[in-house]
Amino acid sequence: MSEPSSGTRFLHAIEMGLGAWQWGDRVVWQYGHGYGEGSVHEAFKVSVNEGIRFIDTAELYGNGLSERLLGRFLKDTDQPVLIATKFFPWPWRFYKGAIPHALKASLARMNVESVDLYQIHWPNPLLSTDSLMEGLAECVKSGLTRTVGVSNFGQTRMLAAYSALAQHNVPLASNQVHYSLLSRAVEKNGTLARCKELGIRLIAYSPIEKGLLAGKYSALNPPPGARARNYASLLPKIQPLLKLMTEIGQDHGGKSNAQVALNWVICKGGLPIPGAKDAVQAQENAGALGWRLTEEEVTRLDEASDRIVE
Ligand SMILES: NC(=O)c1ccc[n+]([C@@H]2O[C@H](COP(=O)([O-])OP(=O)(O)OC[C@H]3O[C@@H](n4cnc5c(N)ncnc54)[C@H](OP(=O)(O)O)[C@@H]3O)[C@@H](O)[C@H]2O)c1
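Counting the sequence shown from 1 gives a position; my numbering is that position plus 41.
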């Protein structure tokens, strides 16, 4: 295990963050139908009051609206908030300077001078890892971001990014990946262990499996929109896991399934960033902090998950 470098240590001290994909996204989350700016502002306020002060957004979310909303909400709080946003490597963004240029546009939308973490949203085989990392390093050197990271990078690409950044004396702070009790590839293929070894913070997205692990959806009551189609084959299989999560939650004084799902990610060494559409969800998710599942409970949850997903 290597110690995280001093500039990235703050990320390892954060137990949980708040995802902001829901803020403005109509395609997956139906922003504007049943929830909107008022309710996501409440989710932000509740989270910040509960000490959750790491917000993950992206230029892509709501086509810039998520960043603009965050900018508005920041004006309204006197609490320190850490910001993570992302660069989307569209194939036409191959020119030198594209990454700092995009970050400046993100900063303008949020009305801030710098962010705490700037991430490459997805790898793009048409853009070399070396040139993507050169762009990120430039953002650190020009003071536009405190640290840099990647997202959706498999182990080989992540190691290439780590080495490419090291050439510029910049540490790879994080890899943001899909990780939940229903999606454990990063644990099983060694990415999580590699991150721990190299001092890279594994940021876990979709830690409640887009609402499925909260226990409110089933094959008979599927989630709205594209999620119903994407989860059609998984939904009929998850009841035994949900039942075990409820039992374990009860042994901890009535923790909810969402809280158990988030606590499991924390126990595994990931930094979960659950998305919340309103104050109620944000409040419930904040209750994942301040207690821990036992090792035996984590093992039982692992076994129940193994019976559902590879
Ligand atoms: N880097 C990437 O490629 C990538 C990909 C995906 C996500 N992300 C990031 O990760 C964040 C979280 O991932 P995610 O939004 O995909 O999934 P998630 O956090 O697993 O699920 C969020 C959804 O679950 C439901 N929910 C949340 N809290 C709940 C609660 N306490 N009780 C009941 N339902 C609850 C809400 O949807 P409903 O109420 O509609 O069910 C909410 O929109 C995103 O906001 C984004 O910042 C990054």
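Where a beta carbon is used, it is the ideal one built from N, C-alpha and C, also for glycine.
From a predicted model like this one, the values you see are computed outputs, not experimental measurements.
For residue i, which residues does DSSP report across the bridge?
i: lysine 127; result: Gln160
i: aspartate 97; result: Gly60, Ala125
i: alanine 245; result: Val218, Pro313
i: threonine 188; result: Leu158
Give me the residue from the options with the minimum Cα distance to residue i.
i: glutamate 19; options: Ala273, Arg242, Cys308, Ile55; result: An answer regarding residue 19 cannot be provided, because it is not within the stretch 42 to 351 covered by the chain.
i: arginine 341; options: Gly310, Lys284, Gly138, Tyr159; result: Lys284
i: arginine 187; options: Pro164, Ile96, Pro130, Ala125; result: Ala125
i: histidine 293; options: Leu330, Ala273, Gly112; result: Leu330
i: leucine 312; options: Ala255, Ser224, His53; result: His53
i: arginine 50; options: Gly105, Gly176, Leu115, Leu213; result: Leu213
i: leucine 167; options: Gly77, Ser247, Phe135, Lys251; result: Phe135
i: leucine 123; options: Asn104, Ser88, Phe129; result: Ser88
i: isoleucine 55; options: Pro315, Gly48, Phe95; result: Phe95
i: glycine 252; options: Val81, Gly316, Met286, Glu83; result: Gly316
i: valine 153; options: Thr287, Tyr272, Arg113, Trp133; result: Arg113
For residue i, which residues of its own chain have a beta-carbon under 8 Å away from its beta-carbon, when the five flanking residues on both sides are left out?
i: lysine 257; result: none
i: proline 141; result: Gly176, Glu179, Cys180, Ser183, Leu185
Who are the near neighbours of residue i in its chain, counting only those whose CB is closer than 6 Å to its CB and skipping five residues on each side?
i: alanine 146; result: none
i: serine 107; result: Ala61, Trp64, Gly65, Thr98
i: lysine 182; result: none
i: lysine 296; result: Gly290
i: methionine 174; result: Ala202, Ala205, Leu206
Kindly indicate which three-state DSSP category residue i falls into: helix, strand or coil?
i: leucine 239; result: helix
i: serine 224; result: strand
i: leucine 213; result: strand
i: leucine 174; result: For clarity, residue 174 is methionine in the given sequence; the question names leucine instead. Helix.
i: tryptophan 133; result: coil
i: tyrosine 102; result: helix
i: arginine 268; result: helix
i: threonine 340; result: helix
i: asparagine 326; result: helix
i: asparagine 27; result: This structure does not reach residue 27, given that the chain is present from 42 up to 351, and the question cannot be answered.
i: proline 45; result: coil
i: tyrosine 72; result: coil
i: valine 321; result: helix
i: valine 81; result: helix
Apart from the five residues on each side of it in sequence, which residues of its chain come closer than 7 Å, Cβ to Cβ, to residue i?
i: arginine 109; result: Arg150
i: tryptophan 305; result: Leu222, Leu334, Val339, Leu342
i: glycine 266; result: Val69, Gln71
i: alanine 201; result: Thr170
i: alanine 299; result: Ile249, Leu254, Ala255, Glu325, Asn326
i: glycine 73; result: Arg67
i: isoleucine 93; result: Met57, Gly58, Leu59, Ala327
i: arginine 225; result: Ser346, Val350
i: glutamate 83; result: Asp319, Ala320
Open item on the list: Would you call the region 320-337 in contact with the region 228-242, where contact means no fewer than 3 C-beta pairs closer than 8 Å?
Closed with: no
- [ ] Flag this pair as touching only if the region 204-212 and the region 267-283 have three or more C-beta atom pairs under 8 Å; answer yes or no.
- [x] no
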